[in-house]
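Student: There's a structure below that I have some questions on.
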Amino acid sequence: MKKAVLGLLILSLLLTLPGLMQRHQAEWNNRNYETIIPFQDIQSLVSKDPSLQLGDVLRDLKDAGLHAVSIQPETLNSLEDIGDINVLTGGRIQEMSILNSDLEGVADQVSNEGAYIHIQNENELTGRLRDVFQAEETVRMANKDFIHFPALNSAQFNETPIGYTEEIIDEIKRADLSVVFRMPNSLNEENPYVFNQLLDLSDEKSNRLLFSGDEVIGYPDAEKIKSFAQKLKDENIAVYAIEFADQLGIGTMARAIDFDIIRLHSIDLNKVPSMEEGVDRAVRAVKERNIRSLFIRVEEGADPGEALLKTEEFIQAINSRMPVHYKPGKAQMFDQISVPFWSQLSALMAAVLFISLAVQAVFSSRALFYASLAGTFLIAAAAFLLKAQILLQGLALLVAVITPIFAVISIKNRKGIFLPYGRAALISFAGIIIITSLLNGNEFLVKIEAFRGVKLTYIVPILFVMIYALLRDLKGILNMKVQYWHLAVIGLIGIIGLYYISRTGNAGSVSSIELAFRQWLEEVLYVRPRTKEFLIGFPFFVLALYIYPLNQKIGLYLLIPGVIGYLSIVNTFTHLHIPLYISLLRTFYSLALGLVIGLLFIFLYKQGRSIYEKKWKLRC
1 MKKAVLGLLI LSLLLTLPGL MQRHQAEWNN RNYETIIPFQ DIQSLVSKDP SLQLGDVLRD
61 LKDAGLHAVS IQPETLNSLE DIGDINVLTG GRIQEMSILN SDLEGVADQV SNEGAYIHIQ
121 NENELTGRLR DVFQAEETVR MANKDFIHFP ALNSAQFNET PIGYTEEIID EIKRADLSVV
181 FRMPNSLNEE NPYVFNQLLD LSDEKSNRLL FSGDEVIGYP DAEKIKSFAQ KLKDENIAVY
241 AIEFADQLGI GTMARAIDFD IIRLHSIDLN KVPSMEEGVD RAVRAVKERN IRSLFIRVEE
301 GADPGEALLK TEEFIQAINS RMPVHYKPGK AQMFDQISVP FWSQLSALMA AVLFISLAVQ
361 AVFSSRALFY ASLAGTFLIA AAAFLLKAQI LLQGLALLVA VITPIFAVIS IKNRKGIFLP
421 YGRAALISFA GIIIITSLLN GNEFLVKIEA FRGVKLTYIV PILFVMIYAL LRDLKGILNM
481 KVQYWHLAVI GLIGIIGLYY ISRTGNAGSV SSIELAFRQW LEEVLYVRPR TKEFLIGFPF
541 FVLALYIYPL NQKIGLYLLI PGVIGYLSIV NTFTHLHIPL YISLLRTFYS LALGLVIGLL
601 FIFLYKQGRS IYEKKWKLRC
């Protein structure tokens, strides 16, 4: 029976591989990455230094390796900044009338509601002000005509888009740079000019949209989002997803455009500790997290010429440090991953069989085997028939939690070091194949959807192995007289546990020494293995394999830190936006280095035991 189930599991795992190969090909073939600078940063440099000309600055950045410039639609504030309009409030006019007698008669007539706008330069955008904002009478002040907009409020000055300046777009294109359009979620339904202008201005080279603020256009109305998305899709316009930003509505937008999403990472040169660290961040983002667009904010406080030079050097450093596999150029969407029907079904079958075998191996209970087989089959069937993403994620979480437990607990029936070590690795890879096959698709590649339950994968296996190791001594422990040092040990374990949990995820804290060590590993090995795997988890597991036949109690206790290595490699693959080959390479390094360091642990243990026994015998 067990051999038949194992054979069926192996067959199911093999049938999932075509789907994983599709994912690998989609990642491997998408080699282009781009750099983007916002136009307002460039404009700020030019405005501060008269010797800098916009066209020359754009061409210099292009020569340095810049690919695109992002442009915002103009607002009242931006039009005033460039001198196209003058804006006065009623209160301001009344203040000015105190010093200017020509305004005394007008000051009594103006309203404190809204604002008065004088158009300094007539152009397409200033001509649209009456369409965008509700206008009333025109008031003449100091030989100038001011249009009164009574409903205008302070928020609209910087939030309401009026339109894109086509002259600026033309200037950017003349420098052979692409244009990335930005758009806030403050479009007026009765006045769709800005969105329609975006559709008209986009072309084969400039067909990318980056949303401003915390929301996509149309949010919170899902139907509006889908309507905008369909128009973008019809014009072949792709959308950026900003890493760590989680803009509201991006999931709805992404699904409506078939996940034609480009992952973008933002780097502010005003905030990076050093240029070197900024370059490392950029390279790592492209290489390790499927980022294909780098949004660079120019340094503000420096001299404009110096800031421009630093920006050019930063872009050049990124291009020179980037692995040769990746090429600077226009970022592309990932090819569509189309997993065959039978491959999806095989992944579900593999999950059911794997969990059931793990339960039997851990608990040695045929009844629990059949119970888990029935329970997981129902979950898998529901996930398949209902196309329920949450059930797939739940099944993947079960596999992720049980895989490291299955890998390490099985040593109780094994002897030697190399075969059990390899067997544990194979069990882990079986679980990894199932997880990555269950959650396989473009939505995971661009991190619109993700594996759920990362913290549980870090905590549950350790707690389970700890309870498993202590189980035989549980009665003695419960009846033990509590000493003060027991409380101290419990407190220390608690602190270590909290520190361990705090290091999980993106916000984990790391010392400067460890950061330097990590950087060295990355430079030597292309991608760094995780320190908790090759310095803690795997070495202690190897030591447990050696000690278990000699002392089962200590061997089981050593599995508590030993399980960390296996839960960590499983967790590596649950980060589904990390390229498969990166995760595989990282895991190979960890397993190899962990084995070597584990053998060193055994050597040190033997030497320590030999010295201890010699000294003990001498004393006796």
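Residue 1 is where the sequence shown starts when you use my numbering, and the numbers rise one by one after that. By construction, the Cβ of each residue, glycine as well, lies at the ideal position given by its N, Cα and C atoms.
Tell me the DSSP secondary structure of residue 603 in three-state form.
Tutor: Along the sequence shown, one-based indexing puts residue 603 at 603. Helix at residue 603.
Student: Taking the beta strand (DSSP E) that residue 294 falls in, what are its first and last residues?
Tutor: Numbered from its first residue, the sequence shown carries residue 294 at position 294. 293–297 is the span of the beta strand (DSSP E), which, as asked, contains residue 294.
Student: Going straight from the alpha carbon of residue 82 to that of residue 55, what length do you get?
Tutor: Indexing the sequence shown from 1 puts residue 82 at position 82. Indexing the sequence shown from 1 puts residue 55 at position 55. Cα-Cα distance, rounded: 17 angstroms.
Student: Can you give me the start and stop residues for the alpha helix (DSSP H) that residue 388 sits inside?
Tutor: The count along the sequence shown starts at 1 and reaches residue 388 at position 388. Taken as a continuous stretch (DSSP letters only), residue 388 belongs to no alpha helix (DSSP H), as it is neither H nor E.
Student: Can you tell me whether residue 252 is buried or exposed, with buried defined as 16 or more other CB within 10 angstroms of its CB?
Tutor: Residue mapping note: residue 252 aligns to position 252 of the sequence shown, counting from 1. Buried: at least 16 other Cβ atoms inside 10 Å.
Student: Note down the Cα distance separating residue 364 from residue 549, rounded to an integer number of angstroms.
Tutor: The sequence position of residue 364 within the sequence shown is 364, counting from 1. The sequence position of residue 549 within the sequence shown is 549, counting from 1. Roughly 20 angstroms separates the two Cα atoms.
Student: Grab the span of the alpha helix (DSSP H) containing residue 270 for me, first residue to last.
Tutor: Counting from 1 along the sequence shown, the entry for residue 270 is found at position 270. Premise fails: residue 270 is in no alpha helix (DSSP H) and is neither H nor E.
Student: State the DSSP-derived secondary structure class of residue 306, mapped to helix, strand or coil.
Tutor: Start at 1 with the first residue of the sequence shown, and residue 306 comes out as number 306. Helix.
Student: Can you list, in chain order, the residues of its chain with a C-beta nearer than 7 angstroms to that of residue 13? Leave out the 5 residues immediately preceding and following it.
Tutor: As a first step, residue 13 is located in the sequence shown; it is residue number 13 there, counting from the start. Cβ neighbours of residue 13 beyond the five flanking positions: 350, 430 and 433.
Student: Of all the options 134, 286 and 145, which has the alpha carbon lying nearest to the alpha carbon of residue 324?
Tutor: Taking the first residue of the sequence shown as 1, we reach residue 324 at position 324. Taking only the C-alpha atoms, the option nearest residue 324 is 286.
Student: Exposed or buried, what is residue 529 when buried is set at 16 or more other beta-carbons lying within 10 Å of its beta-carbon?
Tutor: As a position in the sequence shown, residue 529 is number 529, starting the count at 1. Residue 529 is buried by the Cβ-count criterion.
Student: Which residues bound the beta strand (DSSP E) around residue 442?
Tutor: As a working note, residue 442 is residue 442 in the sequence shown. Premise fails: residue 442 lies in the alpha helix (DSSP H), 442–445, not in any beta strand (DSSP E).
Student: Can you give me the C-alpha to C-alpha distance between residue 507 and residue 245, rounded to a whole angstrom?
Tutor: Position 507 of the sequence shown holds residue 507. Position 245 of the sequence shown holds residue 245. Below a pLDDT of 50, predicted positions are generally treated as unreliable, and residue 507, at 49, falls in that range; the measurement from the model is reported next regardless. Cα to Cα, residue 507 sits roughly 14 angstroms from residue 245.
Student: The beta strand (DSSP E) with residue 536 in it runs from where to where?
Tutor: As a first step, residue 536 is located in the sequence shown; it is residue number 536 there, counting from the start. That residue, residue 536, is in no beta strand (DSSP E); it is neither H nor E in DSSP.
Student: On the premise that residue 598 lies in contact with residue 533, defined as a C-beta separation below 8 angstroms, what is that separation, rounded to the nearest angstrom?
Tutor: Here the question's residue 533 lines up with position 533 in the sequence shown. Here the question's residue 598 lines up with position 598 in the sequence shown. Contact doesn't hold; Cβ gap of about 11 angstroms is too wide.
Student: List the residues that DSSP assigns as beta-bridge partners of residue 115.
Tutor: Locating residue 115 in the sequence shown gives position 115, where the first residue counts as 1. Per DSSP, 149.
Student: Thinking C-alpha only, which one of 65, 116, 61 and 224 is nearest residue 85?
Tutor: Taking the sequence shown and counting its residues from 1, one reaches residue 85 at position 85. When each option's Cα is compared against that of residue 85, the closest is 116.
Student: Can you give me the C-alpha to C-alpha distance between residue 113 and residue 75, rounded to a whole angstrom?
Tutor: Sequence index remark: in the sequence shown, residue 113 carries index 113 (1-based). Sequence index remark: in the sequence shown, residue 75 carries index 75 (1-based). When rounded, the distance between both Cα atoms is 19 angstroms.
Student: Is any non-hydrogen atom of the ligand SAM found closer than 7 angstroms to the C-beta of residue 518, if you look at the structure I gave you?
Tutor: Absence of the ligand SAM is noted for the structure shown, with no ligands found whatsoever.
Student: At what residues does the beta strand (DSSP E) containing residue 183 begin and finish?
Tutor: Taking the sequence shown and counting its residues from 1, one reaches residue 183 at position 183. Element bounds for residue 183: 178–183.
Student: With H, G and I counted as helix, E and B as strand and the rest as coil, what does DSSP make of residue 334?
Tutor: The residue labelled residue 334 in the question sits at position 334 within the sequence shown. Correct three-state label for residue 334: coil.
Student: Tell me whether residue 139 is buried or exposed, calling it buried when 16 or more other Cβ atoms sit within 10 Å of its Cβ.
Tutor: As a first step, residue 139 is located in the sequence shown; it is residue number 139 there, counting from the start. Buried, because 16 or more other Cβ atoms sit within 10 Å of the Cβ of residue 139.
Student: In this structure, does DSSP put residue 289 in helix, strand or coil?
Tutor: Within the sequence shown, residue 289 is the residue found at index 289, counting from 1. Residue state, collapsed to three classes: helix.
Student: Mapping DSSP to helix, strand and coil, what is residue 201?
Tutor: For the purposes of this step, residue 201 is taken as the residue at position 201 of the sequence shown. In the structure shown, residue 201 sits in a helix (DSSP, three-state: H, G or I).
Student: Can you check whether the CB of residue 536 is closer than 8 angstroms to the CB of residue 564?
Tutor: Against the sequence shown, residue 564 aligns to sequence position 564. Against the sequence shown, residue 536 aligns to sequence position 536. Yes.
Student: From residue 276 to residue 269, what does the alpha carbon distance come to, in whole angstroms?
Tutor: Taking the first residue of the sequence shown as 1, we reach residue 276 at position 276. Taking the first residue of the sequence shown as 1, we reach residue 269 at position 269. Cα to Cα, residue 276 sits roughly 11 angstroms from residue 269.
Student: Check residue 163 in the structure and name its three-state DSSP category.
Tutor: The sequence position of residue 163 within the sequence shown is 163, counting from 1. Strand.
Student: Classify residue 239 as helix, strand or coil using the three-state DSSP reduction.
Tutor: By 1-based counting over the sequence shown, the position of residue 239 is 239. The answer is strand: DSSP assigns residue 239 an E or B state.
Student: Tell me which same chain residues have a C-beta within less than 6 angstroms of the C-beta of residue 409, skipping the five on either side of it?
Tutor: Position 409 of the sequence shown, counted from the start, is the residue given in the question as residue 409. Contacts found: 362.
Student: Consult DSSP for residue 507 and reduce its assignment to one of helix, strand or coil.
Tutor: Position 507 of the sequence shown, counting from 1, holds the residue named residue 507. Annotation note: pLDDT 49 at residue 507 (below 50); position unreliable, coordinate value reported separately. Residue state, collapsed to three classes: coil.
Student: Which of the three DSSP states is assigned to residue 415 in this structure?
Tutor: Sequence index remark: in the sequence shown, residue 415 carries index 415 (1-based). Coil, per DSSP.
Student: Sorted by chain position, which residues of the same chain lie with C-beta nearer than 7 angstroms to residue 568's C-beta, five sequence neighbours on each side aside?
Tutor: To locate residue 568, count along the sequence shown from 1; it is residue 568. Excluding sequence neighbours, residue 568 sits near 530, 532, 533 and 537.
Student: If you follow the alpha helix (DSSP H) that residue 457 is part of, which residue opens it and which one closes it?
Tutor: Taking the sequence shown and counting its residues from 1, the one referred to as residue 457 is at position 457. Its alpha helix (DSSP H) spans residues 454–470.
Student: Please report the distance separating the alpha-carbon of residue 167 from that of residue 124.
Tutor: Indexing the sequence shown from 1 puts residue 167 at position 167. Indexing the sequence shown from 1 puts residue 124 at position 124. Distance between the alpha carbons of residue 167 and residue 124: 11 angstroms.
Student: What residues match up with residue 265 in a beta bridge as DSSP calls it?
Tutor: Taking the sequence shown and counting its residues from 1, the one referred to as residue 265 is at position 265. DSSP output for residue 265 lists 294 as bridge partner(s).
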